[in-house]
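In what follows, a structure is listed as C-alpha cells, so that the remarks can point back to it.
Residue numbers (the numbering used here): 12 to 241.
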C-alpha cells in the first residue's frame, strides 16, 4: 500500500489535516509532517523533516498543502527511492503574488501575525464564506502555535520562492488540485506550473483551505490518483 506523507500549510502543525485523513478509506497509511514552531527554518531546512518522514521500505506519495508545495517539489527533484507521485494542493512554484501586491505583502508580513488571525481574514482569504466556527477556531489555534516571527518568515519564503528548475527535474506523476475559489493562490500559479508540467491539473470547487472545506471530495480525488500510480 502506498503511504501518504502529508506536508502541512504555513502553520506547519499538521492538525488541519484531520478531516481529510478521516475521509480517506479505512486503513490508509498516513503520516503528517510537523515543522517546529519556534525555529526559523527556510525551505532547505524544512526539507530535512520531509526526508525524515519518507519511508525507506515502502512506496509513498507526498501530499503537500500550499506553503509546503515547493518543499514537495524540492524533495521530488532529488529522485528519492520509493516516491511514486506528488499531490500539490493550492500549490505554486514561484510567488503566488506579483507586482505591487507582492511588495505590499512583503512589507506587511512582519506585522500581521502578531495578533490572532481575525475571522473575516480567514473567511475572505483562507476558508471561504460560510466556514464553520470550528474550522475558524482550528485555523486560529494552529496559527497561534507558531511564533509570530516564524509565520512572518514563512510568508516571506512563499513570496520569494522559485522552484521552477526543480519542478522540471521531477520524474514522478503530479496531481495539482486547484481550488476554484482560491483568493490566495490564483490561476496564474497553475499556469506557471503547467508551463513546466502541462499534463497536470484537477479543479475542485472550494476556497484556499480545500482539504478542510471539501475533505471528502479531496480524499476521493487524491485516492484515485494514488491508486493509479505504478
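Cβ coordinates follow ideal geometry from the N, Cα and C atoms, glycine included.
Proximal residues to residue i (C-beta, below 6 Å), its chain only, five neighbours per side dropped
| i | result |
| --- | --- |
| residue 195 | 136, 219 |
| residue 132 | none |
| residue 104 | 174, 175, 178, 203, 204 |
| residue 156 | 24, 48 |
| residue 40 | 12, 14 |
Local Cβ density within 10 Å of residue i, reported as buried at 16 or more and exposed below that
| i | result |
| --- | --- |
| residue 145 | exposed |
| residue 59 | exposed |
| residue 118 | exposed |
| residue 193 | buried |
| residue 114 | exposed |
| residue 225 | buried |
Start and end residues, beta strand (DSSP E) containing residue i
| i | result |
| --- | --- |
| residue 76 | 71–76 |
| residue 189 | 185–190 |
| residue 14 | 14–18 |
| residue 42 | 41–43 |
Member of the options whose CA lies at the smallest distance from the CA of residue i
| i | options | result |
| --- | --- | --- |
| residue 108 | 213, 162, 203, 212 | 203 |
| residue 173 | 82, 101, 35, 13 | 82 |
| residue 125 | 112, 102, 154 | 154 |
| residue 49 | 165, 74, 171, 75 | 165 |
| residue 238 | 216, 100, 184, 162 | 184 |
Straight-line gap, residue i to residue j (C-alpha atoms, nearest Å)
| i | j | result |
| --- | --- | --- |
| residue 200 | residue 190 | 11 Å |
| residue 234 | residue 130 | 32 Å |
| residue 140 | residue 21 | 21 Å |
| residue 169 | residue 36 | 32 Å |
| residue 231 | residue 98 | 13 Å |
| residue 77 | residue 18 | 9 Å |
For residue i, the first and last residue of its enclosing alpha helix (DSSP H)
| i | result |
| --- | --- |
| residue 194 | Per DSSP, residue 194 belongs to no alpha helix (DSSP H) and is neither H nor E. |
| residue 166 | 159–171 |
| residue 33 | 29–34 |
| residue 235 | 226–238 |
Cβ shell of residue i (< 7 Å), same chain only, five flanking positions each side left out
| i | result |
| --- | --- |
| residue 223 | 27, 30, 138, 146 |
| residue 88 | 177, 180, 181 |
Cut-off 8 Å between Cβ atoms - residues of its own chain near residue i, not counting five sequence neighbours on either side
| i | result |
| --- | --- |
| residue 227 | 34 |
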